[in-house]
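Below: one structure, written as structure tokens.
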Amino acid sequence: MTLKYASIFLLSIAILSCNVQEQEEGQAVQIPKAQWQDIASWDLNTTNADLEDDKLTTDIGIYFPSNLDPDFDKVTLEKMKESFLAAKEIYKPTGVQLRLKFARTGAIDPSYLAIQANEIPQVPATEYNNTYVNMQRNPARLTEKAKDALTHIIEDDPESDRTIYLIVLQDVFYPFLTVAEGRNWTINSVRTGGLSFPTYSYVNNLPKKHRGVISISNLQRGDRSRRTIAHELGHKLMNVSHEYKETHPGHEVYADGGLMLYGDGEDIPSGEEGRWHLERLLLSPFLYRMENGKKVWNEDYKEGGHYYDPLYGDYVIHFKGTPPIDPNW
Ligand SMILES: [Zn+2]
């Protein structure tokens, strides 16, 4: 096991090939499931009291490990409640309601408290296509450790591929490529406050039953506790990156206005000038309406949920890639 995990970080070719062989021989280790129990102090009926049957709804489950390290104070149960209730408010103008399906606690395998979300990407986006096209062609891949963590943490449920899971973890690192100088790229790894594991980025590389996962690692600042859950839900439900009106997507776009930028904004715009954020939200496969006591789900993605998935029809923006380096390289 130690070697298997080390391989992710050391990128040792020898160890990697050994790892593949191990999987081919079907000797992959069975991952034990974490044991969860409902958080007694969080009354679901109170949180869900405002729900109405005829409105589009998304089910959200919260996993809050009971064995976080004593010095970890960036997410508390109180902050999770605040951020969840704020998200309900932020989505209210769209008509989409958030239903708390459960809030559970329990001890998890401590080796999953800090993980690297995805393998180091291999092909950076260049000017020949935009970032969404590049991600569709070269989707992010979960690390083995991240896959194991999700298997350990998320319970089996027939609706698991339609449920959003907010999982509190101490650290989730997300590696990506940026230009260092000239025509050379370098690997950055960002310590995330929340990571939405969006399908525009991972496409079919997320196991379907775990595709609703979102990690939450920092709600400490005031603005974070207000916006973080709503913002991460936006990546999942609108299926867009950091973008707003005229602002094309990027890794870290700081500006006010839109919920999907890094700033104070909470706007979920509509129409082509709003990059179809509202329209894409309303089409999300994570939404349903109650009809005669039954959940009637939205249609599912047709191609794994990349940005241009045919589910969205014309609710997509075609835009040019940005030259990341001097055009005369
Ligand atoms: Zn974001």
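The sequence shown begins at -19 in the numbering used here and counts up one residue at a time. A virtual CB, placed ideally from N, CA and C, is assigned to each residue, including glycine.
Coil, strand or helix - residue i by DSSP
i	result
residue 189	helix
residue 278	coil
residue 96	strand
residue 127	helix
residue 216	helix
residue 206	helix
residue 110	coil
residue 1	At residue 1 the pLDDT is 39, less than 50, meaning the model places this residue with poor confidence; the figure from the coordinates comes in the next sentence. Residue 1: helix per DSSP, three-state reduction.
residue 45	strand
residue 74	helix
residue 254	helix
residue 116	helix
residue 264	coil
residue 91	helix
residue 305	coil
residue 211	helix
residue 31	coil
residue 299	coil
Cβ-heavy atom distance, residue i to ligand 3, below 7 Å
i	result
residue 257	In terms of ligand content, the structure shown lacks ligand 3 and carries ligand 1 instead.
Run of the beta strand (DSSP E) containing residue i, from where it starts to where it stops
i	result
residue 270	267 to 271
residue 82	77 to 86
residue 160	151 to 161
residue 224	222 to 224
residue 144	144 to 148
residue 171	164 to 171
Proximity of residue i and residue j at Cβ, strictly below 8 Å
i	j	result
residue 112	residue 234	no
residue 88	residue 14	yes
residue 46	residue 86	yes
residue 36	residue 262	yes
residue 34	residue 204	no
residue 38	residue 266	yes
residue 264	residue 217	yes
residue 172	residue 154	yes
residue 146	residue 79	no
residue 285	residue 220	no
residue 109	residue 301	yes
residue 52	residue 200	no
residue 144	residue 213	yes
residue 11	residue 128	yes
residue 202	residue 224	no
residue 100	residue 167	yes
residue 250	residue 54	no
Any non-hydrogen atom of ligand 1 closer than 7 Å to residue i Cβ
i	result
residue 215	yes
residue 286	no
residue 298	no
residue 211	yes
residue 222	yes
Delimiting residues of the alpha helix (DSSP H) encompassing residue i
i	result
residue 24	24 to 27
residue 179	179 to 182
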